[in-house]
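K.L.:
Going by the UniProt record's numbering, the sequence shown opens with residue 1, and the numbers climb by one from there.
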Amino acid sequence: MMLITGATGHLGTAVLRTLLQKTPASQLAALVRDEAKATDLQARGVHIRVGTYADPAALDRAMQGIEKVLLISGGGDDEALQHHFNVVDAAQRAGVQCLAYTSRALQNPATLTNQLMQRHFQTEDYIRASGLAFVLFRNSLYMDTLPLFTGLQVLETGIQLPAGQGRVAYALRHEMGEAIANVMLTGDCANRTYHFTGSAAYSFHDVAAALTAASGQPVNYTPAGQASFAAGMQQRGVPAVAIERTIGFLADIQNGQEAQVSTDLANALGRQPTNLTEGVKMLYEL
1 MMLITGATGH LGTAVLRTLL QKTPASQLAA LVRDEAKATD LQARGVHIRV
51 GTYADPAALD RAMQGIEKVL LISGGGDDEA LQHHFNVVDA AQRAGVQCLA
101 YTSRALQNPA TLTNQLMQRH FQTEDYIRAS GLAFVLFRNS LYMDTLPLFT
151 GLQVLETGIQ LPAGQGRVAY ALRHEMGEAI ANVMLTGDCA NRTYHFTGSA
201 AYSFHDVAAA LTAASGQPVN YTPAGQASFA AGMQQRGVPA VAIERTIGFL
251 ADIQNGQEAQ VSTDLANALG RQPTNLTEGV KMLYEL
């Protein structure tokens with residue numbers, strides 16, 4: 001049986017959508033915080049295990065009868081790294097045969113500005129040290145985040161971000177979920193690392209050009225300075241920690257951390273992932 005953690009989140013939902021198309025629901029279990037949010041999964045025959053990454057006893061119960069676990073990385077709270085360790089420890093205690101983890105595709109973890117991303121690689125190290133057979137999915141930045149970066153009024157405002165000429169190999173979250181499910185179903189757990197990225201890396205100039213082509217309205221990208229961008233966020237009432245993380249994210253883009261391109265996603269999907277032009281039409285409803 002396979003356990004998917006974070007099962008009612010965006011990525012977990014995408015993974016389970018593909019799994020349910022390709023394997024019996026009776027072979028699937030879902031770890032959820034709130035059972036009420038999993039009624040649809042339960043109705044389809046998925047085994048529901050209630051618990052959080054912070055509760056080792058609940059994790060031990062969730063691991064009973066499980067052969068494979070997909071650990072979907074937790075949020076940005078201070079305890080998230082320990083929570084990952086809790087899941088790894090529970091999998092080890094349960095004798096799980098394969099542990100998969102959703103990490104990040106970044107060029108050089110040692111030179112990251114956004115220190116929040118370090119926990120992915122610390123989790124990877126902990127998994128390697130556990131002795132468990134593992135699969136690591138190093139995922140690129142979701143294309144789905146573009147409207148968050150540009151704002152939904154981008155056709156009127158254009159794009160002003162402190163990302164310089166940095167490029168990102170965006171891929172759609174649901175395609176990553178599909179690819180993860182495909183790999184989980186193959187039985188391949190030979191301590192492999194997959195880099196799930198788009199088939200090309202794009203700058204925000206490219207994003208602006210794609211928006212222009214899709215909308216028929218001219219959209220321009222103007223690289224902004226970090227200080228002025230942060231001041232604008234502060235004026236809008238954005239919390240200081242959110243400003244710091246956003247600036248760090250964009251600094252890493254500018255420094256080339258997100259530019260890595262791999263064919264792993266295309267290979268796991270059996271087709272080319274959605275490109276920027278088509279993705280923009282979908283995400284901005286153009």
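Even glycine gets a Cβ: it sits at the ideal position worked out from N, Cα and C.
For clarity, every value in this text was computed on a predicted model and none was experimentally measured.
(1) Whose CA, out of S26, T113, A190, V219, lies closest to the CA of residue 288?
(2) Assuming contact is defined by CB atoms lying nearer than 7 Å, are A38 and V32 in contact in what I supplied?
(3) Throw me the rounded Cβ distance for the T186 and R138 pair, which I believe falls under 8 Å.
(4) In three-state terms, what does DSSP make of V32?
(5) Could you spell out the range, first to last residue, of the beta strand (DSSP E) harbouring M2?
(6) How many angstroms separate the CA atom of Y202 from the CA atom of L141?
(7) Report, in whole angstroms, the separation of the C-beta atoms of Q260 and A100, which I expect to be a contact under 8 Å.
(8) By the 10 Å Cβ neighbour count, where 16 or more other Cβ atoms means buried, how is G237 classified, buried or exposed?
(9) Return the CA-CA distance between G74 and F196, expressed in angstroms with no decimal places.
(10) Out of curiosity, what's the CA-to-CA distance linking M2 and M184?
(11) If you run the structure through DSSP and keep just helix, strand and coil, what is P24?
(12) Kindly identify the DSSP beta-bridge partner or partners of K68.
(13) Go ahead and label A57 buried or exposed: buried means 16 or more other beta carbons lie within 10 angstroms of its beta carbon, across all protein chains shown.
(14) What's the C-alpha gap between D206 and P218?
(15) Would the beta-carbon of A210 fall within 7 Å of that of T145?
P.N.:
The answer reads as follows:
(1) No statement about residue 288 is possible, as the shown extent of the chain runs from 1 to 286 and does not include it.
(2) Here the question's residue 38 lines up with position 38 in the sequence shown. Here the question's residue 32 lines up with position 32 in the sequence shown. Going by C-beta atoms, A38 is nearer than 7 Å to V32.
(3) Stepping through the sequence shown from its first residue, residue 186 is reached at position 186. Stepping through the sequence shown from its first residue, residue 138 is reached at position 138. With a Cβ gap of about 18 Å, T186 and R138 do not count as contacting.
(4) The sequence position of residue 32 within the sequence shown is 32, counting from 1. Residue state, collapsed to three classes: strand.
(5) Taking the sequence shown and counting its residues from 1, the one referred to as residue 2 is at position 2. First-last of the beta strand (DSSP E) with M2: 2-4.
(6) The residue given as residue 202 occupies position 202 in the sequence shown. The residue given as residue 141 occupies position 141 in the sequence shown. Roughly 11 Å between the two C-alpha positions.
(7) Indexing the sequence shown from 1 puts residue 260 at position 260. Indexing the sequence shown from 1 puts residue 100 at position 100. Not confirmed; about 20 Å, so no contact.
(8) If you number the sequence shown from 1, residue 237 lands on position 237. G237 is exposed by the Cβ-count criterion.
(9) Here the question's residue 74 lines up with position 74 in the sequence shown. Here the question's residue 196 lines up with position 196 in the sequence shown. Each residue's alpha carbon lies about 18 Å from the other.
(10) For the purposes of this step, residue 2 is identified with residue 2 of the sequence shown, where counting begins at 1. For the purposes of this step, residue 184 is identified with residue 184 of the sequence shown, where counting begins at 1. Approximately 9 Å between the Cα atoms of the pair.
(11) Looking up residue 24 in the sequence shown gives position 24. DSSP places P24 in coil when its eight states are reduced to three.
(12) In the sequence shown, counting from the first residue as 1, residue 68 sits at position 68. In DSSP, K68 forms a bridge with M2, C98.
(13) Position 57 of the sequence shown, counted from the start, is the residue given in the question as residue 57. It is exposed - the Cβ of A57 has fewer than 16 other Cβ atoms within 10 Å.
(14) Counting from 1 along the sequence shown, the entry for residue 206 is found at position 206. Counting from 1 along the sequence shown, the entry for residue 218 is found at position 218. Cα-Cα distance, rounded: 13 Å.
(15) Your numbering for residue 210 matches position 210 in the sequence shown. Your numbering for residue 145 matches position 145 in the sequence shown. No, the Cβ-Cβ distance between A210 and T145 is not below 7 Å.
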